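Peer 1:
Protein chains: 2
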Amino acid sequence: MAKRPTIPDSELDVLKVLWRRGRATVREALETLNAAGRDWSYATVATLLDRLENKGLVESDRKELAFVYTPAISEQEVRKRRVDGLLDKLYEGDPGLLVLHLLKSHPLDPGQASRVREVLDEMTASKSSKKKG
Amino acid sequence: MAKRPTIPDSELDVLKVLWRRGRATVREALETLNAAGRDWSYATVATLLDRLENKGLVESDRKELAFVYTPAISEQEVRKRRVDGLLDKLYEGDPGLLVLHLLKSHPLDPGQASRVREVLDEMTASKSSKKKG
DNA sequence: GACCTTGTGAGACACTTGTCTTAGGATGGG
DNA sequence: CCCATCCTAAGACAAGTGTCTCACAAGGTC
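Protein chains in written order, with my numbering: chain C, 401 to 533; chain W, 401 to 533.
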């Protein structure tokens with residue numbers, strides 16, 4: 401197994417642009433980021449994309465003049481890693497605990513609450529037969 | 401408001417010892433940590449406690465020979481900060497999304513599931529009256 | 001062909017994190 | 001008093017992060 405690279409915040413911001421747009425050159429990413437309130441230089445974004453590529457988290461393909469970068473890891477996967485890390489570090493690996501704390505500190509609105517109930521029901525209903533979603 | 405210090409993993413491990421024991425000297429923390437599988441030198445733990453103190457996250461009091469450290473931030477608070485950071489970075493600040501993802505990737509056992517249902521019910525029931533703690 | 005424009009590559013540089021070494025102060029046994 | 005301990009102070013040092021500068025290549029323009 402290859403080692404899990406860490407994803408620092410600034411790299412994550414760049415990655416998010418790729419998830420949203422599907423792919424981007426350095427300049428496109430830069431513009432998206434700066435439009436969203438960031439204030440980076442071209443070189444900064446280039447460095448971040450380069451580091452992401454070294455970590456295997458994005459891929460590049462030279463199209464015409466510039467490199468075009470595409471994500472090589474999904475947002476789901478990154479979320480999962482972060483959540484697992486959090487569970488591990490602060491919740492003794494117990495997802496129930498996290499959920500409870502989450503609900504206590506961030507109450508859900510009724511719509512979300514019922515979606516959560518549905519999921520819970522499905523979960524306990526399909527105790528031993530279904531496996532898929 | 402002072403700036404939120406970051407809490408790196410190694411410092412967090414030391415902090416956890418203080419939460420569990422209430423207070424500890426460098427040596428006590430070292431022994432607890434190493435008994436738990438860590439393999440640090442005395443100086444490492446001393447450095448970590450020192451950094452934590454500079455960040456205002458622990459306090460020290462010289463008792464007899466050695467400093468005795470106590471936590472100045474609660475586990476709850478650290479958890480909250482981490483969760484908030486996660487929500488912010490990867491869930492557009494939407495706790496419902498995180499809960500849903502969590503349930504999807506880490507199914508709860510029935511006991512936990514019903515505890516969660518209770519909390520949900522309380523939440524939607526006491527829309528505007530109770531303020532429990 | 002000299003000159004922009006847009007790109008890349010290399011690397012600088014300060015700060016943080018992870019971990020340790022070394023020097024020196026206080027304490028207690030002989 | 002001198003030594004062995006245990007403690008703190010100071011800081012070393014490599015790797016990772018956050019951000020940028022600078023030199024230089026490829027492609028158009030006149």
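Think of the CB as a built atom: it goes at the ideal place given N, C-alpha and C, for glycine as much as any other residue. What you are looking at is a predicted structure, and each value in this text was computed from that prediction instead of being measured.
1. Compute the distance between the beta-carbons of L375/W and K489/C, then report whether it is under 8 angstroms.
2. Less than 8 angstroms between the beta carbons of L502/W and V499/C, yes or no?
3. Using the beta-carbon count (16 or more within 10 Å), is L415/W buried or exposed?
4. What residues from chain C crowd round T524/W, counting only those whose CB sits closer than 7 angstroms?
5. Determine whether the Cβ of V478/W lies closer than 8 angstroms to any Cβ atom of chain C.
6. Measure the alpha-carbon distance for S441/W versus R404/W and round it to whole angstroms.
7. For the structure I just gave you, are there three or more beta carbon pairs, one from the segment 463 to 478 of chain C and one from the segment 461 to 477 of chain W, closer than 8 angstroms?
8. Considering only the alpha carbon of each residue, which of V445/W, V426/W, D461/W, A435/W lies closest to D409/W?
9. At a Cβ threshold of 8 angstroms, is K489/W touching chain C?
10. Could you give the uninterrupted runs of the alpha helix (DSSP H) lying entirely in the segment 430 to 455 of chain W, keeping only those of 4 residues or more?
Peer 2: On the basis of the coordinates in this document:
1. There is simply no residue 375/W to check, as chain W begins at 401 and stops at 533 in what is shown.
2. If you check the CB distance, L502/W and V499/C come in under 8 angstroms.
3. Within a 10 Å sphere around the beta-carbon of L415/W sit 16 or more other beta-carbons, which makes this residue buried.
4. Taking the beta carbon of T524/W as reference, the chain C residues within 7 angstroms of it are P510, A513, listed in sequence order.
5. At least one chain C Cβ lies under 8 angstroms of V478/W.
6. Going by the C-alpha atoms only, they are around 28 angstroms apart.
7. Flag = no, the segment 463 to 478 of chain C and the segment 461 to 477 of chain W do not touch.
8. The alpha carbon of D409/W has as its nearest neighbour, out of V445/W, V426/W, D461/W, A435/W, the alpha carbon of V445/W.
9. True, the Cβ-Cβ gap to chain C drops below 8 angstroms.
10. As far as the segment 430 to 455 of chain W is concerned, its whole alpha helix (DSSP H) runs of at least 4 residues are 442 to 454.
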